[in-house]
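Each remark here refers to the structure printed beneath this line.
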Amino acid sequence: MNPLVVALSGLNATDNPGPGVGVARSLREDKGLDPKMLGLVYDALEPGAHMEWLVDRAYMMPYPLAGKSAFLERISQLVAQEGLNFAIPNLDLELPLYIRCAPELEALGVKTFLPDMAQFKLRGKEHLGQLAEELGLHMPQTKVVNNLEELKEACEEVGFPLLVKGAFYSAHLVHNPLAAVAAYHEVVTQWGYPVLVQARIEGEEINLVGVGDGKGGSLGQVSAKKLVVSSQNKIFAGVTIRHEALAKAAERFLARYQWRGAFELECILKDEEIHMIEINPRFPAWVYFATAVGVNLPAQLVKAGLGLEIEPVKDYEAGKLFLRYTYEMITDMTHFKNLTLHGHT
Amino acid sequence: MEITRLSRLALNQEGFAFDPLTGNSYVANSTGALVLEALRVGKGPEEIALHLTEGYEVSLEQAALDVGEMIEQLKYLKLL
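Protein chains in written order, with full-length UniProt numbering: chain A, 1 to 345; chain B, 1 to 80.
Here it is as structure tokens:
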């Protein structure tokens, strides 16, 4: 049997951290997998690419917009040079490409554990209202807008303050029409159309991370409440919780959509009611929190993708704290130089 | 009295309480912790007030007021 060689992305462990470092750390801590890990980066200064204790070798990747052939060419090189046989894309923008290329990846011997395109699209922000209803959750009033006229109408209907959001990333809290227009342009410039206008729900943010087995079941899940967030609403302190209604909503989601792979439910708890904000089709940056409380979801995902028989892991203690902190890593220019000049460390 | 939400709190002897459902935590002083614990085991306000007069130098009237105030706070926090 060939050794396990896992490629993973999202190694931008900055103030807006990607999930890659948490995923790599989780896989390192699994007792059985012992993978060689390849970091897939888009910038030579992604911190994870320089963390030699997590990533054995880092490779520059073509941007997803470069398309299928550039992507598959790079993956083929990794198969030939490193024996790559498993990939975990951790960024929203990469997922459609990986999903579209699933047959080619399989033919190259690279396994993934991802939803199919229909599942991926169903949890898109523009479909969340219907999905929330099916899961028995509430959904803040949300309007999809594609031009300034629709933005104006949506703002009047939803009322200020409200959120102007991109289809993939970015959310701006705005308090007046002028700020809404500015946020709209910023979102369009960065992420394109459509733009979403969403009512702001005041409450406590509770999130759930899990892995679906693709047959309607769960391979594990952990819920946490955000206690401290950064200016970009990224969790910097949190606590594990056991919220039965949220856990049941996740189970309904998995059963209804036969979801395969990682996911995160982002919700607001207000007056006992759960309002669904987003479903992310990947691990969140806080995924290591789940691993540290005994639910190693990245390891579960890899084992499921390899076709191993595994039991769901759902037992964890409520009341465990998560504290993210900043830290400095000092290194020489070797990896930076090699990534820049040769495309790999 | 509804004690379900109170009973789910993890309460330690120093008065630190954690709600595993919502992730909220609370701190009560020693008297507050005593009242909390008594409510959790289903005691009524009068019984708790009487119990307070046995351990603290406080009149029954004042203890009843304090217990009532604590109950109002717990309702505000949606724990009762």
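Quick reminder that beta carbons are idealized off the backbone N, C-alpha and C, glycines included. On a predicted model such as this, the values are computed, not experimentally measured, just so you know.
Contained beta strand (DSSP E) runs [length at least 3] in the region 139-177 of chain A, N- to C-terminal order = 142-145, 162-166, 171-174
task = Ignoring anything shorter than 4 residues or poking outside the region 277-315 of chain A, list the alpha helix (DSSP H) runs there in chain order.
result = 287-292, 297-305
key: Integer Cβ distance of A49 of chain A from L11 of chain A, believed to fall under 8 Å   = In the first sequence, residue 49 of chain A corresponds to position 49, counting from 1. In the first sequence, residue 11 of chain A corresponds to position 11, counting from 1. Contact holds; Cβ gap of about 6 Å.
query = When you compare only the Cα positions, how much space is there between E61 of chain B and T291 of chain A?
reply = As a working note, residue 61 of chain B is residue 61 in the second sequence. As a working note, residue 291 of chain A is residue 291 in the first sequence. Near 52 Å, if we compare the C-alpha coordinates of T291 of chain A and E61 of chain B.
key: Inter-residue Cα distance where the pair is M1 of chain B and L163 of chain A   = Translated into the one-based positions of the second sequence, residue 1 of chain B becomes position 1. Translated into the one-based positions of the first sequence, residue 163 of chain A becomes position 163. Unreliable positioning characterises M1 of chain B in this predicted model, as indicated by a pLDDT of 49, which lies under 50. The coordinate reading is nonetheless provided below. Going by the C-alpha atoms only, they are around 41 Å apart.
W259 of chain A and V209 of chain A closer than 9 Å at C-beta = Position 259 of the first sequence, counted from the first residue, corresponds to residue 259 of chain A. Position 209 of the first sequence, counted from the first residue, corresponds to residue 209 of chain A. Against a cut-off of 9 Å, the Cβ pair of V209 of chain A and W259 of chain A comes out as no contact.
ask   = Where do the N-terminal and C-terminal ends of the alpha helix (DSSP H) with G32 of chain B fall, by residue?
value = Translated into the one-based positions of the second sequence, residue 32 of chain B becomes position 32. Here the alpha helix (DSSP H) through G32 of chain B covers 30-40.
task = Find the nearest neighbour of C155 of chain A within the set A:L137, A:N338, A:V174, A:S170, judged by alpha-carbon distance.
result = Indexing the first sequence from 1 puts residue 155 of chain A at position 155. Selected option, being the one with the closest Cα: A:V174.
task = Answer yes or no: does any C-beta atom of chain B fall closer than 9 Å to that of E251 of chain A?
result = In the first sequence, residue 251 of chain A corresponds to position 251, counting from 1. Output row for E251 of chain A: interface = no.
ask   = From the DSSP output, which residues share a beta bridge with M61 of chain A?
value = The residue labelled residue 61 of chain A in the question sits at position 61 within the first sequence. BP columns for M61 of chain A are empty, so no partner.
For T331 of chain A, the first and last residue of its enclosing beta strand (DSSP E) = Locating residue 331 of chain A in the first sequence gives position 331, counting from the first residue. Per DSSP, T331 of chain A belongs to no beta strand (DSSP E) and is neither H nor E.
request  = Can you say whether R256 of chain A is buried or exposed, counting buried as having 16 or more other CB atoms within 10 angstroms of its CB?
outcome  = Residue numbering aside, residue 256 of chain A sits at position 256 when the first sequence is read from its first letter. Answer is exposed; the Cβ neighbour count stays below 16.
ask   = According to DSSP, what are the bridge partners of A17 of chain B?
value = The residue labelled residue 17 of chain B in the question sits at position 17 within the second sequence. BP columns for A17 of chain B point to B:L11, B:Y26.
ask   = Within the 9 Å Cβ cut-off, does L227 of chain A reach chain B?
value = Counting from one through the first sequence, the residue named residue 227 of chain A turns up at place 227. With 9 Å as the cut-off, L227 of chain A counts as an interface residue toward chain B.
query = Contact check, V211 of chain A vs A262 of chain A under 8 Å by CB: the rounded distance?
reply = Locating residue 211 of chain A in the first sequence gives position 211, where the first residue counts as 1. Locating residue 262 of chain A in the first sequence gives position 262, where the first residue counts as 1. Yes, they are in contact, since the Cβ atoms of V211 of chain A and A262 of chain A sit about 5 Å apart, within 8 Å.
key: Simplified DSSP state of G343 of chain A, which is helix, strand or coil   = In the first sequence, counting from the first residue as 1, residue 343 of chain A sits at position 343. G343 of chain A: coil per DSSP, three-state reduction.
query = Out of curiosity, what's the CA-to-CA distance linking V6 of chain A and N296 of chain A?
reply = As a position in the first sequence, residue 6 of chain A is number 6, starting the count at 1. As a position in the first sequence, residue 296 of chain A is number 296, starting the count at 1. So the two alpha carbons sit approximately 16 Å from each other.
task = For chain B, find out if any of its Cβ atoms is closer than 9 Å to the Cβ of I274 of chain A; answer yes or no.
result = Counting from one through the first sequence, the residue named residue 274 of chain A turns up at place 274. Not one chain B Cβ lies under 9 Å of I274 of chain A.
C-alpha distance - D19 of chain B paired with S25 of chain B, whole-angstrom precision = Residue numbering aside, residue 19 of chain B sits at position 19 when the second sequence is read from its first letter. Residue numbering aside, residue 25 of chain B sits at position 25 when the second sequence is read from its first letter. Their backbone Cα atoms lie some 6 Å apart in a straight line.
query = Looking only at C-alpha atoms, which of A:A102, A:K152, A:W53 sits nearest to A24 of chain A?
reply = Translated into positions along the first sequence, residue 24 of chain A becomes position 24. Checking every option, the nearest Cα to that of A24 of chain A belongs to A:W53.
inquiry  = For a cutoff of 9 Å on Cβ pairs, would you count M1 of chain B as touching chain A?
reply    = Locating residue 1 of chain B in the second sequence gives position 1, counting from the first residue. Here the model assigns M1 of chain B a pLDDT of 49, short of 50, so the residue's position is not dependable and the matter cannot be decided.
query = Can the beta-carbon of F113 of chain A be found less than 9 Å from the beta-carbon of G18 of chain A?
reply = For the purposes of this step, residue 113 of chain A is identified with residue 113 of the first sequence, where counting begins at 1. For the purposes of this step, residue 18 of chain A is identified with residue 18 of the first sequence, where counting begins at 1. Their beta carbons are not under 9 Å apart, which means F113 of chain A does not touch G18 of chain A by this criterion.
inquiry  = Just checking: is the beta-carbon of L36 of chain B within a distance shorter than 9 Å of some beta-carbon in chain A?
reply    = Here residue 36 of chain B refers to the residue found at position 36 of the second sequence. No, L36 of chain B lies away from the interface with chain A (no Cβ there is under 9 Å from its Cβ).
query = With respect to 8 Å, is the separation between the Cβ of Q190 of chain A and the closest non-hydrogen atom of the ligand GTP below this value?
reply = Ligands in the displayed structure: none, and consequently the ligand GTP is not present.
query = To which residues of the same chain is I241 of chain A closer than 7 Å at the C-beta, ignoring the five residues directly before and after it?
reply = For the purposes of this step, residue 241 of chain A is taken as the residue at position 241 of the first sequence. The residues are I206, S223, A224, K225, A318.
query = Going by alpha carbons, who is nearest to residue 91 of chain B out of B:A38, B:K75, B:L11?
reply = Here chain B comprises residues numbered 1 to 80, so residue 91 of chain B is not present and cannot be evaluated.
task = Report the neighbours of T22 of chain B on chain A: residues whose CB is nearer than 9 Å to its CB, in chain order.
result = Taking the second sequence and counting its residues from 1, the one referred to as residue 22 of chain B is at position 22. Per Cβ cutoff of 9 Å: E204, I206, K225, I241, H243, L269.
request  = Measure the beta-carbon distance from K165 of chain A to Q198 of chain A and round it to whole angstroms, keeping in mind my assumption that it falls under 8 Å.
outcome  = Indexing the first sequence from 1 puts residue 165 of chain A at position 165. Indexing the first sequence from 1 puts residue 198 of chain A at position 198. Their Cβ separation, rounded to whole angstroms, is 6 Å, which keeps K165 of chain A and Q198 of chain A in contact under 8 Å.
Cut-off 7 Å between Cβ atoms - residues of its own chain near D30 of chain A, not counting five sequence neighbours on either side = In the first sequence, counting from the first residue as 1, residue 30 of chain A sits at position 30. Closer than 7 Å at Cβ, skipping near neighbours: N296, A299.
ask   = Which whole-angstrom value is the C-beta distance of G32 of chain B and G15 of chain B, which I expect to be below 8 Å?
value = Along the second sequence, read from residue 1 onward, the residue named residue 32 of chain B stands at position 32. Along the second sequence, read from residue 1 onward, the residue named residue 15 of chain B stands at position 15. The pair is a contact, with the Cβ atoms about 6 Å apart (cut-off 8 Å).
Rounded C-alpha distance that separates F253 of chain A from L135 of chain A = Position 253 of the first sequence, counted from the first residue, corresponds to residue 253 of chain A. Position 135 of the first sequence, counted from the first residue, corresponds to residue 135 of chain A. C-alpha separation (whole angstroms): 6 Å.
request  = Please state whether DSSP places M1 of chain B in a helix, a strand or coil.
outcome  = The count along the second sequence starts at 1 and reaches residue 1 of chain B at position 1. Only weak support exists for where M1 of chain B lies, its pLDDT of 49 falling under 50; the value from the coordinates is given anyway. If DSSP states are grouped into helix, strand and coil, M1 of chain B belongs with coil.
key: Candidates A:A245, A:H172, A:P47, of which the one nearest I330 of chain A by Cα   = Here the question's residue 330 of chain A lines up with position 330 in the first sequence. For the residues A:A245, A:H172, A:P47, the minimum Cα distance to I330 of chain A belongs to A:P47.
ask   = Less than 9 Å separating the beta-carbons of V41 of chain A and A58 of chain A?
value = Numbered from 1 along the first sequence, position 41 holds the residue referred to as residue 41 of chain A. Numbered from 1 along the first sequence, position 58 holds the residue referred to as residue 58 of chain A. Cβ distance < 9 Å, so V41 of chain A and A58 of chain A count as in contact.
ask   = What residues in the region 35-64 of chain B bring their beta carbon closer than 7 Å to a beta carbon of chain A?
value = none
Cβ-based contacts, 8 Å cut-off: residues of the region 303-337 of chain A near chain B = A318, G319
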